[in-house]
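Enquirer:
2 protein chains.
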Amino acid sequence: MKKIINDTKNILDEMLNGFVYTNKDIVNRIDDTGVIYRNFEDEGKVALVSGGGSGHEPSHAGFVGKGMLSAAVCGEVFTSPTPDQIVEAIRKADQGAGVLLIVKNYSGDIMNFEMAQEIAEMEDIKVETVVVDDDISVEDSSSTAGKRGVAGAVFVHKILGAAAEKGASLDELKKIGDELVDHINTIGVAITPATVPAVGSPGFDLKADEMEYGVGIHGERGYRRENLKPSKDIAYELVMQLKKVFKFEKGDRYGVLVNGLGATPLMEQYIFMNDVKNILEEEELVIDFKKVDALMTSIDMAGVSLTLIKLVDENWSDYLNYPVNTVAWK
Amino acid sequence: MKKIINDTKNILDEMLNGFVYTNKDIVNRIDDTGVIYRNFEDEGKVALVSGGGSGHEPSHAGFVGKGMLSAAVCGEVFTSPTPDQIVEAIRKADQGAGVLLIVKNYSGDIMNFEMAQEIAEMEDIKVETVVVDDDISVEDSSSTAGKRGVAGAVFVHKILGAAAEKGASLDELKKIGDELVDHINTIGVAITPATVPAVGSPGFDLKADEMEYGVGIHGERGYRRENLKPSKDIAYELVMQLKKVFKFEKGDRYGVLVNGLGATPLMEQYIFMNDVKNILEEEELVIDFKKVDALMTSIDMAGVSLTLIKLVDENWSDYLNYPVNTVAWK
């Protein structure tokens with residue numbers, strides 16, 4: 001394992017220290033926890049809290065800031081945060097109008113965020129939860145019942161963040177969130193596996209000429225292995241999988257996210273986006289929003305994921321473009 | 001070679017297509033060139049133009065936008081852009097107040113930007129050049145006379161971009177630029193080499209347990225190989241090299257950039273920043289500006305560089321924080 005780290009036991013603490021030190025104009029940390037929260041000026045607005053295991057940087061702490069998340073709870077690498085830390089985040093974030101939890105669909109996260117919600121509700125904090133399950137590659141996997149939650153969560157943060165900033169109520173946000181999740185789908189491809197620092201070796205093997213479609217952001221098995229193809233063929237495979245689910249119709253409005261998985265440089269992400277563009281143009285879709293960046297990573301996995309959001313509500317593209325002050329959403 | 005690309009001959013064109021498609025609210029491209037320019041509303045302001053070989057994304061095109069660069073000229077991977085393309089960028093960028101070229105110190109870039117400057121001057125465009133040579137790791141190398149120009153160029157873009165936006169003249173910008181270069185130093189470490197797509201194999205070899213201090217952003221040899229050390233030891237080595245050059249004094253004000261070299265995830269960049277922070281605190285320096293991100297990469301090289309700027313002019317930290325609208329500076 002080749003990484004710029006110290007003791008693997010201290011990964012989370014040292015990373016969060018470096019993150020908060022660098023960005024203390026935007027974020028704070030509750031001491032001795034994985035809770036990152038923003039400087040609030042939000043009396044009466046609903047707070048958004050997300051989180052999950054670390055290793056997906058800049059998710060989710062990089063999206064904490066005005067116009068997006070109120071707080072993020074960071075667990076150990078690929079490990080759900082504990083319910084008590086989630087409760088601390090909820091308490092800190094609540095500005096009197098309730099807290100919406102945005103949770104990626106992994107069994108550990110679901111269980112711990114549910115427990116935290118119950119505890120917070122006993123303290124008379126209003127809490128609702130939106131579960132993001134955007135990964136269409138496999139129906140169930142080793143760590144999830146149902147579809148996994150991946151990069152589409154960032155679109156949910158962004159759109160709900162803008163809606164919350166504009167004063168939407170907790171019930172309204174829950175409703176928008178559930179509708180969003182129905183219109184966001186993602187599929188990815190890995191060309192090299194990630195190495196969890198405490199494990200020290202890659203989570204799975206891929207031969208020098210192999211790639212795997214549908215790998216999860218913790219290295220969960222995907223749906224097919226093939227020899228490495230040109231970018232345009234990979235783009236075609238992923239767009240066609242999304243087409244099956246969305247049932248593209250000419251003129252439909254979409255937003256697109258090409259997401260680097262950690263070790264894939266921007267050069268490749270942009271080349272891949274160019275191929276996606278060509279295929280979406282053939283499909284005669286209207287693309288109202290585009291983004292290329294590494295936003296939901298899997299440590300040092302090489303590969304990309306492709307997320308589409310069907311913009312059925314015209315507010316959604318405004319909300320995607322609404323100004324924010326976060327570390328990671330430009 | 002495992003990359004998400006198509007024909008290696010089309011890397012630059014496809015990447016720029018994807019880049020402009022994604023970000024057309026901010027940037028445009030002169031057709032059939034590597035020139036990326038911003039939507040101007042800058043009558044009478046000095047234009048800033050940078051560029052160089054590609055493979056360093058988001059540099060430099062990601063810094064084109066209001067408050068930073070007016071245009072960037074993107075050469076083929078690790079290859080200087082041609083003088084005629086640089087001239088096209090100068091013509092496009094000039095708003096009547098002249099053009100400042102910001103050039104990283106590589107022999108090919110210096111030669112081509114100089115030729116472009118001469119041609120533009122014959123067309124009565126006022127042009128000045130600031131050469132960035134911030135890499136303190138080696139005095140001369142295979143591709144440079146003198147020190148190489150690396151991530152410190154981004155601080156030069158940012159500070160001069162703010163000064164230009166505030167209306168500084170070409171002469172003033174040239175003067176600030178030269179002073180900036182005297183107060184910015186960088187040193188890096190590579191733990192895995194980069195692979196140029198058209199070459200297909202890594203530019204140099206590093207054993208599974210080795211790292212190399214001072215490697216250039218095109219894989220130029222550094223100053224020492226060692227077994228891979230913990231992040232805090234790497235941070236100590238790099239800070240002490242910078243200390244020798246800057247001659248730290250207690251209370252001096254600095255800005256810090258921890259820059260990922262392409263394949264190194266944010267997790268490691270933040271852990272490294274945390275170690276840098278601890279050492280700078282021991283040195284009792286005042287750190288007024290901090291940034292962690294992959295801003296000057298070397299394709300898929302793993303490693304980090306550390307840039308310090310001594311903030312001898314109090315405008316400089318304001319300028320570092322001045323709002324911009326670019327793809328890559330958040």
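Listed in order, the protein sequences are those of chains A and B. Take 1 as the starting number for the first sequence in UniProt numbering and just add one per residue. Take 1 as the starting number for the second sequence in UniProt numbering and just add one per residue. Glycine residues also receive a C-beta, built at the ideal position from the N, C-alpha and C atoms.
(1) Identify the residues that DSSP records as bridge partners of Ile110/B: which are they?
(2) Under 8 Å between beta-carbons, which chain B residues line up against Thr297/A? List them in chain order, please.
(3) For the beta strand (DSSP E) that contains Val73/B, what are its first and last residues?
(4) Figure out for me which residue from Leu295/B, Gly188/B, Leu12/B, Glu14/B has the closest Cα to the Cα of Pro58/B.
(5) Could you round the C-beta distance between Ser50/B and Ile102/B to whole angstroms and report it? I think they count as a contact, below 8 Å.
(6) Can you tell me where the alpha helix (DSSP H) with Ser231/B in it begins and where it stops?
(7) Does Val215/B come out as helix, strand or coil in the three-state DSSP assignment?
(8) Please state the DSSP three-state secondary structure of Pro83/B.
(9) Spell out a yes or no on whether the stretch 112-120 of chain A and the stretch 79-94 of chain A are touching, meaning 3 or more CB-CB pairs, one atom from each, closer than 8 Å.
(10) By Cβ distance below 7 Å, which residues in the same chain neighbour residue 334/A in space, the five residues on each side in sequence not counted?
(11) Across which residues does DSSP place Leu308/B in a beta bridge pair?
(12) DSSP puts Glu28/A in a beta bridge; with which residues?
(13) Listing by chain order, which chain B residues have their CB less than 8 Å from the CB of Val327/A?
(14) Spatial neighbours of Arg38/B within its chain, please: C-beta separation below 8 Å, excluding the five flanking residues on both sides.
(15) Could you tell me which residues DSSP puts in a beta bridge with Arg91/B?
(16) Out of Ala116/B, Val127/B, Gly75/B, state which residue places its alpha-carbon closest to the alpha-carbon of Asp94/B.
(17) Could you pull out every unbroken alpha helix (DSSP H) segment of at least 4 residues lying fully inside the stretch 126-191 of chain B, listed in chain order?
(18) Can you check which of these residues, Glu210/A, Asp293/A, Val181/A, is closest to Ile136/A by C-alpha distance?
(19) Compute the Euclidean distance between the alpha carbons of Lys207/B and Gly98/A, then round it to the nearest angstrom.
(20) Does any C-beta atom of chain A lie closer than 8 Å to the C-beta of Leu311/B?
(21) May I ask you to list the residues that DSSP assigns as paired with Ile287/B?
(22) What are the residues in the stretch 65-76 of chain B lying within 7 Å of chain A by C-beta distance?
(23) So which of Lys166/A, Leu261/A, Val256/A, Gly262/A has the shortest CA-CA distance to Asn274/A?
(24) Going by DSSP, which residues form a beta bridge with Ser50/B?
(25) Under 9 Å between beta-carbons, which chain B residues line up against Ala302/A? List them in chain order, please.
(26) Leaving out five residues on either side along the sequence, give the residues of the same chain with a beta carbon under 6 Å from the beta carbon of Tyr213/B.
(27) Spell out the partners DSSP gives Thr22/B in its beta bridges.
(28) Under the assumption that Ala153/A contacts Ser107/A (Cβ atoms under 8 Å), give the Cβ distance between them as a whole number of angstroms.
(29) For Val292/B, which three-state DSSP category applies?
(30) Nearest to Glu314/A by CA position, among Gln269/A, Arg148/A, Tyr254/A, is which residue?
(31) Mind checking the stretch 226-244 of chain A against chain B and listing, in chain order, the residues whose C-beta falls within less than 7 Å of any C-beta there?
(32) Just confirm the distance between the C-beta atoms of Gly262/B and Ile299/B, as a whole number of angstroms; I'd bet it's less than 8 Å.
(33) From the DSSP secondary-structure annotation, give me the bridge partner or partners of Glu226/A.
(34) Between Asn105/B and Val131/B, is the Cβ-Cβ spacing less than 8 Å?
(35) Can you tell me which of the three DSSP states Val276/A falls into?
(36) Which residue's Cα is closest to the Cα of Lys30/B: Glu118/B, Phe248/B, Lys243/B, Arg91/B?
Expert: Well, looking at it:
(1) Paired residue(s): none; Ile110/B is not in a bridge.
(2) Pro265, Leu266
(3) 71-77
(4) Leu295/B
(5) 4 Å
(6) 231-246
(7) coil
(8) helix
(9) yes
(10) Because chain A is modelled from 1 through 330, residue 334/A falls outside the range shown and cannot be assessed.
(11) Asn185/B, Val256/B
(12) Per the sequence shown, residue 28/A should be read as Asn rather than Glu. DSSP lists Tyr37/A as partners of Asn28/A.
(13) Lys330
(14) Ile26, Val27, Asn28, Val64, Gly65, Lys66, Leu69, Ser70, Ala71
(15) DSSP output for Arg91/B lists no bridge partner at all.
(16) Val127/B
(17) 152-165, 170-182
(18) Val181/A
(19) 54 Å
(20) no
(21) Tyr254/B
(22) none
(23) Val256/A
(24) Ala72/B, Ile102/B
(25) Lys2, Lys3, Ile4, Ala263, Asp300
(26) Val189, Gly222, Tyr223, Arg224
(27) Answer is none; Thr22/B lacks a bridge partner.
(28) No, Ala153/A and Ser107/A are not in contact; Cβ-Cβ is about 16 Å, not under 8 Å.
(29) strand
(30) Tyr254/A
(31) Leu228, Pro230, Ser231, Lys232, Ile234
(32) 6 Å
(33) Met211/A
(34) yes
(35) helix
(36) According to the sequence displayed, residue 30/B carries Ile and not Lys. Of the candidates Glu118/B, Phe248/B, Lys243/B, Arg91/B, the one whose C-alpha sits nearest the C-alpha of Ile30/B is Arg91/B.
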